[in-house]
Amino acid sequence: MAWVRRNLLTFVAMVTLFILLLPNVVVALFSFNKPNGRYNYQWVRFSTDAWANPCGTPGICDSLGLSLRIGITASVVATILGTMVAFALGRFRFRGRATTNLLIFMPMATPEVVMGSSLLTLFVMMGLSTGALAILIAHIMFCVSFVVVAVKARVASLDPRLEEAAADLGATPVATFMKVTLPLVAPGIAAGALLAFSLSFDDYIITNFNASPSSVTFPMYVWGAAQRGTPVQINVVGTVMFVLSVGIVLSAQLISRRRARKA
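Counting from 127, one number per residue, gives the positions in the sequence shown under my numbering.
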């Protein structure tokens, strides 16, 4: 019983991790399937045809490219804006600060259906037609909140004495920010950027409200394909994105450990 009590938490964590990763394993497994019909729901036989020709299904690579372009652009812009807002909220006291904090959290708490329809109404009133530009603006607007939360938590944990020490040693405000503050906040900024990209790339509801027939993102393509058949190439793309995400996280962990050892 003593051994069970010592290892119970580890066992529960491993079971939870297995349950969370099981769908990804199934997606990767069925990317090597060769279905007889249009639906890739039953294992038939092993094949690498989908990996050899990931763009074999019409429109899949176009939708993937659009999602990647929108996701990267939205994450970069949202990270820049969100980082500046996080520093303003975390470092300064100004009139309307509490209201600003409330407004930052509202997009996170608002249902996506409500936000998507509201953004569509706003764009129509502004005379902006639906399409890639409208999707990009919508993604930036809801990604900023998540970046602010991630970066603000990091800013709040900074020790102000480090910046004061840099100033006492003769560093200018710009040098202090670039060599002291920014490296300390960088993990929060990176986390916010990755979160913004994943949310933008994965979004369907808000995108569907603001998309046009010529701007079909990858989630919209998957939803449409599921109505008439699920090509194996969808599993290939999902597997590649999952492997890339895990690789980025593992690389960041290895870099952090090496820096900690050197320190």
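Every residue, glycine too, gets a C-beta built ideally from N, C-alpha and C.
Can you name the start and end residues of the alpha helix (DSSP H) that V211 belongs to?
By 1-based counting over the sequence shown, the position of residue 211 is 85. Where V211 is concerned, the enclosing alpha helix (DSSP H) stretches over I186 to R217.
When DSSP builds the beta bridges, which residues end up paired with N227?
Taking the first residue of the sequence shown as position 1, residue 227 is located at position 101. In the DSSP output, where bridge partners are listed per residue, N227 has none listed.
Assign F220 to one of three DSSP states: helix, strand, or coil.
As a working note, residue 220 is residue 94 in the sequence shown. Three-state DSSP puts F220 in coil, outside helix and strand.
Apply the 10 Å Cβ neighbour rule to Y167 and answer buried if 16 or more other Cβ atoms are within range, or exposed otherwise.
On the sequence shown, residue 167 is found 41 positions in, with the first residue counted as 1. Exposed: under 16 other Cβ atoms inside 10 Å.
Beta-carbon separation (whole angstroms), Y330 vs S189, contact threshold 8 Å
For this step, residue 330 is matched to residue 204 along the sequence shown. For this step, residue 189 is matched to residue 63 along the sequence shown. Their Cβ separation, rounded to whole angstroms, is 12 Å, which puts Y330 and S189 out of contact at 8 Å.
What's the gap between the Cα of G182 and the Cα of A351?
Here residue 182 refers to the residue found at position 56 of the sequence shown. Here residue 351 refers to the residue found at position 225 of the sequence shown. Taking the straight line joining both Cα atoms gives about 14 Å.
Taking C-alpha atoms, which residue in A214, F327 and L207 lies nearest to V363?
Here residue 363 is taken as the residue at index 237 of the sequence shown, counted from 1. Measuring from the Cα of V363, the nearest candidate turns out to be F327.
Short of 6 Å in beta carbon distance, which residues of its chain neighbour G242, apart from the five on each side in sequence? Order them along the chain.
On the sequence shown, position 116 is the one that residue 242 refers to. Taken in chain order, the residues that qualify are I331, I332 and F335.
Which of the three DSSP states is assigned to F172 in this structure?
Taking the sequence shown and counting its residues from 1, one reaches residue 172 at position 46. The three-state reading of DSSP puts F172 in strand, counting E and B together.
Secondary structure, alpha helix (DSSP H): runs of 4+ residues fully inside the segment 332 to 357:
Counting only runs of 4 or more, we get 344 to 354.
Buried or exposed: where does A128 fall if 16 or more other Cβ atoms within 10 Å of its Cβ makes it buried?
The residue you call residue 128 lines up with position 2 of the sequence shown. Its Cβ having fewer than 16 others within 10 Å, A128 is exposed.
Say whether the segment 203 to 216 touches the segment 312 to 328, bearing in mind that this needs 3 or more beta-carbon pairs closer than 8 Å, one atom from each stretch.
Touching, yes.
How far does the alpha helix (DSSP H) with V306 in it reach, from first residue to last?
As a working mapping, residue 306 is identified with position 180 in the sequence shown. Segment: none, V306 is in no alpha helix (DSSP H) and carries neither H nor E.
Helix, strand or coil: which one does DSSP assign to N133?
For the purposes of this step, residue 133 is identified with residue 7 of the sequence shown, where counting begins at 1. N133 falls in the helix class under three-state DSSP.
Quick one: what's got a C-beta closer than 7 Å to T302's C-beta in the same chain, skipping five residues either side?
As a first step, residue 302 must be located in the sequence shown, where it is residue number 176. Spatial neighbours of T302 in its own chain (CB-CB distance under 7 Å, excluding positions within 5 residues in sequence) are listed in chain order as E289, A292 and A293.
8 Å Cβ shell around R171 - same chain, five flanking residues per side excluded
Looking up residue 171 in the sequence shown gives position 45. Result list for R171: N159 and K160, in chain order.
If contacts are defined as beta-carbon pairs under 8 Å, then V273 and A204 qualify, I think. What distance do you get, rounded to the angstrom?
Numbered from its first residue, the sequence shown carries residue 273 at position 147. Numbered from its first residue, the sequence shown carries residue 204 at position 78. Confirmed, about 5 Å.
Give the single residue among I374, A139, A214 and N150 whose Cα lies nearest to the Cα of V275.
Taking the first residue of the sequence shown as position 1, residue 275 is located at position 149. Nearest of I374, A139, A214 and N150 to V275, Cα basis: A214.
Please name the residue, chosen from Q359, I196, L192 and L284, that lies closest to P309 on a Cα-to-Cα basis.
Reading the sequence shown from its first residue, position 183 is the one you call residue 309. Between P309 and the set Q359, I196, L192 and L284, the nearest pair of CA atoms involves L284.
At 4 residues or longer, what runs of the alpha helix (DSSP H) sit wholly inside the segment 244 to 324?
Within the segment 244 to 324, the complete alpha helix (DSSP H) runs of at least 4 residues are 258 to 282, 286 to 294 and 299 to 302.
In whole angstroms, give me the CA-to-CA distance for I374 and V153.
Counting from one through the sequence shown, the residue named residue 374 turns up at place 248. Counting from one through the sequence shown, the residue named residue 153 turns up at place 27. Those two C-alpha atoms are separated by around 20 Å.
Based on the DSSP secondary-structure assignment, which residues constitute the bridge partners of N159?
Within the sequence shown, the letter at position 33 stands for residue 159. N159 has F172 as its beta-bridge partners, per DSSP.
Separation of Y165 from Q353, as counted between CA atoms
The residue given as residue 353 occupies position 227 in the sequence shown. The residue given as residue 165 occupies position 39 in the sequence shown. Distance between the alpha carbons of Q353 and Y165: 10 Å.
Does DSSP put D328 in a helix, a strand or coil?
Locating residue 328 in the sequence shown gives position 202, counting from the first residue. In the structure shown, D328 sits in a helix (DSSP, three-state: H, G or I).
Here's a check: name, in chain order, each residue in its chain whose Cβ is nearer than 6 Å to the Cβ of S271, leaving out the five neighbours to either side.
On the sequence shown, residue 271 is found 145 positions in, with the first residue counted as 1. Closer than 6 Å at the Cβ level, and outside the excluded window around S271, lie I230, P233 and M234.
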